[in-house]
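Below: the structure, in structure tokens.
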Amino acid sequence: MQIGDTLQLNLFTHVNVTDANRMAQFFHATLQQSTVDLAIRGPILTRLGSLWYMRLRINRVVPMDGMKGVQNATLVSMSLPADHPQGGIVMSGLALLNNPSRTVSIKMDAITFGIYLPSVAHPEVDQFKIAEMSCPELNLEAGKSSQVALSGRLFHLDDWILSEKGKTSSFGSGSEKQLLLGRLLSRFIQGQDSTIQVRALSKDPNLPPWLVEAFKSIVLDMAFPGSPAQDFIRVLDMNQLEFGFSDNQESAMLSGRMSSELQLPPNVTFPIKILQMKPTAWLRTPEGQDMALLEIPDFLPTKSQQDGNALEVQVDMKDRPLRIVANHLDDFYQFLNTSFTKEWIELGIAGEAHAVVECGLGTFELGPIPFNVITRQRGLGGLISVPPVLESLDVVDSTEHSLTVKATLVLWNPSNISADLGDLSFLWSYEGYLIGMASVPQLQLHAGNNTIECIGMMDPSIHCLRKHDKTCDPELAKNASREFISKYISGDNSTSIDVLGYPGSTHIPLLQPMMSAFSISSGLPAIEDDFLISTTMYLLSKTIVLELKNPLDTVITVLYINGTASYKDEPLGHINIDFEHDIASPKPILIPANDHQNETSGYVKTPRLPVTFELSSVGYEALWKALGGSLEVDVSCHIKAKVGSMLMWVDFAKDGMQSEVRKGF
1 MQIGDTLQLN
11 LFTHVNVTDA
21 NRMAQFFHAT
31 LQQSTVDLAI
41 RGPILTRLGS
51 LWYMRLRINR
61 VVPMDGMKGV
71 QNATLVSMSL
81 PADHPQGGIV
91 MSGLALLNNP
101 SRTVSIKMDA
111 ITFGIYLPSV
121 AHPEVDQFKI
131 AEMSCPELNL
141 EAGKSSQVAL
151 SGRLFHLDDW
161 ILSEKGKTSS
171 FGSGSEKQLL
181 LGRLLSRFIQ
191 GQDSTIQVRA
201 LSKDPNLPPW
211 LVEAFKSIVL
221 DMAFPGSPAQ
231 DFIRVLDMNQ
241 LEFGFSDNQE
251 SAMLSGRMSS
261 ELQLPPNVTF
271 PIKILQMKPT
281 AWLRTPEGQD
291 MALLEIPDFL
301 PTKSQQDGNA
311 LEVQVDMKDR
321 PLRIVANHLD
331 DFYQFLNTSF
341 TKEWIELGIA
351 GEAHAVVECG
361 LGTFELGPIP
371 FNVITRQRGL
381 GGLISVPPVL
391 ESLDVVDSTE
401 HSLTVKATLV
411 LWNPSNISAD
421 LGDLSFLWSY
431 EGYLIGMASV
441 PQLQLHAGNN
451 TIECIGMMDP
461 SIHCLRKHDK
471 TCDPELAKNA
481 SREFISKYIS
491 GDNSTSIDVL
501 GYPGSTHIPL
511 LQPMMSAFSI
521 SSGLPAIEDD
531 FLISTTMYLL
541 SKTIVLELKN
551 PLDTVITVLY
561 INGTASYKDE
571 PLGHINIDFE
581 HDIASPKPIL
591 IPANDHQNET
601 SGYVKTPRLP
611 VTFELSSVGY
621 EALWKALGGS
631 LEVDVSCHIK
641 AKVGSMLMWV
651 DFAKDGMQSE
661 VRKGF
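Position 191 (the sequence shown) corresponds to 191 in the UniProt record's numbering; numbering is contiguous.
In structure tokens:
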């Protein structure tokens, strides 16, 4: 080595601390500053050949890179897998620490870090200690980045400690802690970072005091990393819906169940229970237009079930206001109409939810948690997916121009939508002619089967009244009404009647567009017994006895009858009696009202009525052959009758009726 050459010395030595305070100051400076001066003073023992000399002395100040507070540190990931046996939640994560110093490396055994959240009231000075994490070994090589595995515990709320201006003072306010924890976890599960403070703690009793003091200077402002980004509320559905409508055009009442599937991030699997939820939801068109706001001002009880990181939550609500957006009233009309007419509908639901949760951390509030989904709902399908059934139809009163009718209609609602529709009225139409109308007081439509009692008026004069057409022929509607009643009395339940809505069907403004388009059809109900039960023909006296059964709960008076009996399309005989005007004829046939209490209700047996036989027909020969027994005949009658007080013509037909045949007078 020549004079003037530079000599590099690699020294491995133990440091004997003679002044703990100065050593703490030096180590603190090394950790925090960008550069730090190291003074080296004293002799260096050198050897020349086989001789030792101590004549070289050093007295130099050497600048070296500091670690700049290790500020370039990042929490890469964080997981909350399970409850901790000491309370709280297990935490595990990975940190990336960069040592900016080209000179100083640090290697030491287990070190513990405290995690702090700024308080709400004085975030610049007050911090809550919420967790501790440690690593089994810390190795920060000069000029390199190091990954550090961390594990520890996120404290239960009761274990949070408030540090005021760096001094531990109290456990802090319970409500403030709940608010902070709710914010932290709400952001965490939604993939959003939160600002925390990380401090090195002196947990190892073997550490020298000067090192403990130095490590207290490590205070890192870091991001608490959010979970992998995803929608927390994955599925949201509204079912068992029950709408309550009133005269208010701006709102309706809504009851039902809101079901949701919450998907916790894959790094959050600790047990959690949803106790209460407060959603604020906008109902939207499938195109995303807000049309109504569901207002729920209070937290509602929930039922929740957890399976791994999936949570199923149900919230039942009762009579919550649904406020219609003023400039989107037409969209809401369309939603109601589509709900009624379509088998399936799409409904957008967007908003945010707050939830009160219970877990190993305590009880606190999460939120706001946004959601925006499109659900597929079962519609009413026009109430025709199962054909409507007119179970009964009965005349309970009458005037000279109309019949008061009581009807029972069964409708199947395939959806989960129920509605309180208020008072409704409908028109009855047969073969395109209006023959009456009916009203239903306070109709409540439920999911599944609905048995609806209605009171109606059968009056064909309303056809022309509602047409507002001077050329309207009232006889056409009268004929349709006569045909309808004739087929009902004849037991022809293959005929259908249409039930129609109209603009005046409801006084509720929100329902008027939907009810105006209402239309269903139903077949006629089967009558208990045939109107004409049987006949007995007396050949020698040329008479016939009729056994009649009134299907209605009002008196039928037969004033005129013109009928024909046939056998295999060959006429047997005729009956033609005008009970009103023929002096020799019996009195009009009075058929009592049928109260449906017993088999004899509404039954009458006529006196013998004159009949004209077709003596030369094949049918008449069959009559003689059937003498003492019975013969299957077809009957058709044209009858003038009073149904209650209303006079009408009725046609009756029956094929395959057994008629007894007797010889006597």
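From the three backbone atoms N, C-alpha and C, an ideal C-beta is built for every residue, glycine too.
Computed from a prediction, not measured in an experiment: that's the story for all the values here.
Quiz item: How long is the line joining the alpha carbons of I89 and E124, rounded to whole angstroms?
Solution: 27 angstroms
Quiz prompt | Selected residue, minimal CA-CA separation from S425, among L409, S415, G456, N449 | solution = Residue G456 is the option with its Cα nearest to S425.
Exercise. Kindly identify the DSSP beta-bridge partner or partners of S496.
Key: DSSP output for S496 lists G523 as bridge partner(s).
Quiz item: With 16 other CB atoms within 10 Å as the buried threshold, where does T195 fall?
Solution: exposed
Quiz prompt | Coil, strand or helix - P586 by DSSP | solution = The answer is coil: DSSP assigns P586 none of H, G, I, E or B.
Quiz item: What span of residues does the beta strand (DSSP E) with Q289 cover, start to end?
Solution: Q289 -> no beta strand (DSSP E), and no H or E assigned at all.
Practice problem: Could you check what DSSP says for C472 in three-state terms: helix, strand or coil? | Solution: coil
Practice problem: Could you have a look at V386 and say whether DSSP puts it in helix, strand or coil? | Solution: Of the three classes helix, strand and coil, the one that applies to V386 here is coil, per DSSP.
Exercise. From the DSSP output, read off the bridge partner residues of C359.
Key: I272, G362
Quiz item: Nearest-angstrom Cα distance between V643 and S398?
Solution: 8 angstroms
Practice problem: Specify, as a first and last residue, the run of the beta strand (DSSP E) that R234 falls within. | Solution: First-last of the beta strand (DSSP E) with R234: 233-244.
Quiz prompt | Nearest candidate by alpha-carbon position, reference E632, set E570, P205, Q444, Q658 | solution = Q658
Quiz prompt | P81, DSSP secondary structure in three states | solution = coil
Quiz item: Which residues in the same chain as M437 place their Cβ atom closer than 7 angstroms to its Cβ, once the five residues preceding and following it in sequence are excluded?
Solution: S425, F426, L427, W428, G456, M457, I462
Quiz item: Hey, out of V395, M67, E346, whose CA is closest to T30's CA?
Solution: M67
Practice problem: Starting from I106, follow the beta strand (DSSP E) in both directions and report where the run begins and ends. | Solution: 106-118
Exercise. Please state if the CB of I544 and the CB of V611 are separated by a distance shorter than 7 angstroms.
Key: Taking the C-beta atoms as reference points, I544 is found nearer than 7 angstroms to V611.
Quiz prompt | As assigned by DSSP and simplified to three states, the class of A480 | solution = helix
Quiz item: Near I556, which residues of its chain fall below 6 angstroms by C-beta distance, leaving aside the five closest residues on each side in sequence?
Solution: Taken in chain order, the residues that qualify are N550, I591, A641, V643.
Quiz item: Cα-Cα, which of D655, V650, S645 is closest to V635?
Solution: D655
Quiz prompt | Residues near H507 in its chain [Cβ-Cβ closer than 8 angstroms; skip 5 each side] | solution = D247, G422, D423
Quiz item: Hey, how far is the Cα of D316 from the Cα of E176?
Solution: Using only the alpha carbons, I get a separation of about 29 angstroms.
Practice problem: Would you list the one or two residues that DSSP bridges to D394? | Solution: Bridge partners of D394: K406.
Exercise. Determine which residues share a DSSP beta bridge with R102 and list them.
Key: According to DSSP, which records beta bridges pairwise, R102 is partnered with nothing at all.
Quiz prompt | 7 angstroms Cβ cutoff met for L97 and A73 | solution = yes
Quiz item: Among V17, L154, I106, K107, which has the Cα closest to the Cα of D83?
Solution: L154
Self-check item: Three-state secondary structure (DSSP) of G367
Solution: strand
Practice problem: Would you kindly report the start and end of the unbroken alpha helix (DSSP H) that includes L540? | Solution: Careful: L540 lies outside any alpha helix (DSSP H) and carries neither H nor E.
Quiz item: P118 and Q127: beta carbons closer than 7 angstroms?
Solution: Result yes, Cβ atoms of P118 and Q127 sit closer than 7 angstroms.
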